[in-house]
Structures are given as structure tokens and as C-alpha cells.
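S.K.: Residues in the sequence shown are numbered consecutively from 1221, following the working numbering. For each residue, glycine too, the CB sits at the ideal point set by N, CA and C.
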Amino acid sequence: MSKLMKPSILIPTLVALGLMLASRLYTPVPLPHIQVPAEPLFKISDGFYFTNTMLALLLADVILLVLGILAVRAMKDVPSGLQNVFEAVVEFWQGQSEQLIGPKLTRTWLPLILTLFLGVMFANWTELIPGFDTVGIVCSHGNCPGEGDEALPKTTHTQFKIDTVLGLPSAMRRMTAEELAAEEAAAPAEGESAEAAGHEAAADAEHHGPDPVEAGQGAFVPYLRAGATDLNFTLALAIIAFLAIEIAGFSKLGLGYLKKFFNFDFSHGVGQGFLNVFVGLLEFVSELSRIVSFAFRLFGNIFAGQTLLFVMPFLIPLFLVLPIYGLELFVGMIQGFVFAILTLAFMSQAVEDHSH
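#1: With DSSP as the reference, label K1479 as helix, strand or coil.
#2: Under a Cβ-count criterion, where at least 16 other Cβ atoms within 10 Å of its own Cβ denotes burial, should Q1319 be classed as buried or exposed?
#3: Distance, Cα to Cα, I1511 vs V1340?
#4: Taking 8 Å as the threshold (C-beta atoms), are L1451 and A1515 in contact?
#5: Straight-line CA distance for E1572 to G1301?
#6: Report the residue ranges of all alpha helix (DSSP H) runs contained in full by the segment 1473-1555; include only those spanning at least 4 residues, in chain order.
#7: In this structure, does DSSP put A1258 in helix, strand or coil?
#8: Would the beta-carbon of S1243 fall within 8 Å of that of I1536?
#9: In whole angstroms, what separates the C-alpha of L1457 from that of T1335?
#10: Between the Cα of A1448 and the Cα atoms of V1551, G1351, S1471 and F1539, which residue gives the shortest distance?
#11: Can we say the segment 1343-1351 touches the segment 1546-1562, given the rule of at least three CB pairs closer than 8 Å?
#12: For the putative contact between F1482 and G1469, defined by C-beta atoms under 8 Å, what is the C-beta separation to the nearest angstrom?
#13: Quick check on this structure: which residue in L1540, C1364, L1529 and E1311 has the alpha carbon closest to the alpha carbon of T1354?
#14: Please classify R1445: is it buried, with 16 or more other beta-carbons within 10 angstroms of its beta-carbon, or exposed?
#15: Secondary structure at S1300, three-state DSSP: helix, strand or coil?
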């Protein structure tokens, strides 16, 4: 019998597949609404809201700071535990930085490189904490945080209906606003006519407004959402990395750094001179485009991973999401690595002498 057909492997596999199929039939998970803008939680000032991605980034920062404090609280000559992990990370990036930009610039820019790597990685990993995108505010449409503010983009939150058995949620399914209203109007309480139920509901809504929690319908705004799924965060990081690269170039080469972009050397002929001007302009456009590539690379990868985590439980609620979690752990670290190593690589190009 082949290794795949052994009972010790075959039986658990069949059991897992059976549970996966049963979970799809008996414990369905609603497909949540997926949107690009971050959802606001509360208003800070006119046109400025505190969003769920801001809260998630604060949580990631607190976790990272606590781990860092624990790592250096009792330093040892022979490191172990968290101290060993953090020292390994610092030594790795110190080696990469010295190799690309040299020891002198490493002393200046290594803290920023470490901040980019650890900050992005922990911001990505926190999306795997239970409660992200699943715990939040249930509100009626038009009364959610930020709705009605013309300065904010219009958002559409998840609409849902909860069916209950013995007072416990047994199933959730997405519905349109029209379907929700029609179902509520067509389901009078036991012992009363549909007309009486309709009049009572209308009178209650007029005086108190709809209660989306009691009615089992409304809009959902999560408290926490992965920070890198907010383009504002990735764009801010991209601008910081871009400015660091340009500052490193000017600090090493002075105003001669501008020759990389504005080369008007016609000493080798008119044709070569115009070619130098054209190449310089291409370099200038390429330099600016790094902001876009930095921002959208990180945003696209993390937003796609979050969407995958939404869709997989909707297809098969049980077990199928576990490999996706493992993949997202890897992707979260790789995106932090890519962001930091590209910053070093571009900084290395910036400090080269381009006079030749």
C-alpha cells in the first residue's frame, strides 16, 4: 500500500475533508463587504477622522515596543530568547547596510531601516490576530461614523441578517437594503396582523429610529483593519523612504547629486549632450516613480492577502484558512524585507558618484 493510502494518513484526511464540507453546509460564513478606504471610527476635527487602520497601527507599535523593552530589560553577554532574536535582526540588517552603503552611512541610516522592516512586518502580522475585521460597530445606514461628511469618500458597509436559534446566531447572510426591509415588513410578531406590525414598526422608527442590533440588520464597521490596507499609510512610508534616499544622496555628493538628473554636459558633442539631458530626465521620472512603486507594492500585497482571508472562510469555513494564515505570516515578513532592502539599494545608487 502506498504511503498516501495508509490508514494513519487516509482516515484523518477524509475526516478533515468531511468536516470542511460540513462546515460549508451547517456553519456558513457571510462574505463581508470589501472596500479600499479605511473606515472612520470617530471624528477628531472637521474633515479628519480616526480610522480603524490607525488603531491597528497603534496596536502594532505597542506590541513592538513591549517586545523591544522585554528584549533589553535584562541584557546578557550570551543572548537568549527575545534578546537573541532582536540581536540577530539588528546584525543581519547591519551587515546588509554596510555592504550596500558602507559603515559610515550605516551608523546614520540603520535605525530607519530597522524601523521600516519591523514596523511593516508587525503591521502586517497584526491582521492575523483574532478580532481584526470581525469585531466592530453595528449601526444603521446613514448613522455610521463618517457618513454624511462630504469630506470623506462614500463607503458602503456590510449589510447582514442574523437568524437565531435559541437566542444564538446560527447563520448570517448578506442582503440588500431592499431585501432586509421587505423581510422585516413581511415578518410580523406572533399573534398580530401584518398591518398592525407595520404600523407599530413605523411608529417606533419615527420616534426612536431603527435599532440595527435588535432588528438584526444594519452596517458593520470593524474596529481593527490591517494598517497596510490603507493607502495613506503605505504612501507615508514611501515618502519617508524617498526623502531618506534623497537626503543621503545630497549629504554624500552635495549639489553634485543633481547631475544625476540634470546633466547638461555638451563637451563630448551635441548628440551626446542631448542624450545626457534625455537620460537625466528619465532618471528624474524614475526617481519620482519610486514613491508610487513603494506605496502600491505594499498596499496591493497586503490588501490582496486580507481579501483572501475574507474569501476563504466564505468558501470553506473550517481548516481551509489555516494555510492562508501561514502564507500571510510569510508575506508579511517578506514585504517588510522588500521595503527595507529596496530603500538600502536605492540609497546605495544615490550615494554613487555620477560625474563619470
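M.R.: Based on what the coordinates show:
#1: Taking the first residue of the sequence shown as 1, we reach residue 1479 at position 259. Reduced to three states, the DSSP call for K1479 is helix.
#2: Numbered from 1 along the sequence shown, position 99 holds the residue referred to as residue 1319. Exposed.
#3: Within the sequence shown, numbered from 1, the residue matching residue 1511 stands at position 291. Within the sequence shown, numbered from 1, the residue matching residue 1340 stands at position 120. For I1511 and V1340, the distance between alpha carbons rounds to 16 Å.
#4: Here residue 1515 corresponds to residue number 295 of the sequence shown, with the count starting at 1. Here residue 1451 corresponds to residue number 231 of the sequence shown, with the count starting at 1. Result yes, Cβ atoms of A1515 and L1451 sit closer than 8 Å.
#5: To locate residue 1572, count along the sequence shown from 1; it is residue 352. To locate residue 1301, count along the sequence shown from 1; it is residue 81. Taking the straight line from one Cα to the other gives about 39 Å.
#6: 1490-1535
#7: Indexing the sequence shown from 1 puts residue 1258 at position 38. Three-state DSSP puts A1258 in coil, outside helix and strand.
#8: The residue labelled residue 1243 in the question sits at position 23 within the sequence shown. The residue labelled residue 1536 in the question sits at position 316 within the sequence shown. Cβ distance < 8 Å, so S1243 and I1536 count as in contact.
#9: Here residue 1457 refers to the residue found at position 237 when the sequence shown is read from its first residue. Here residue 1335 refers to the residue found at position 115 when the sequence shown is read from its first residue. Each residue's alpha carbon lies about 11 Å from the other.
#10: The residue given as residue 1448 occupies position 228 in the sequence shown. It is V1551.
#11: yes
#12: The residue given as residue 1482 occupies position 262 in the sequence shown. The residue given as residue 1469 occupies position 249 in the sequence shown. 13 Å between Cβ atoms; not a contact.
#13: Residue 1354 sits at position 134 when you count from the first residue of the sequence shown. T1354 has its Cα closest to that of L1529, out of L1540, C1364, L1529 and E1311.
#14: Along the sequence shown, one-based indexing puts residue 1445 at 225. So R1445 ends up on the buried side.
#15: Against the sequence shown, residue 1300 aligns to sequence position 80. In the structure shown, S1300 sits in coil (DSSP, three-state: anything other than H, G, I, E or B).
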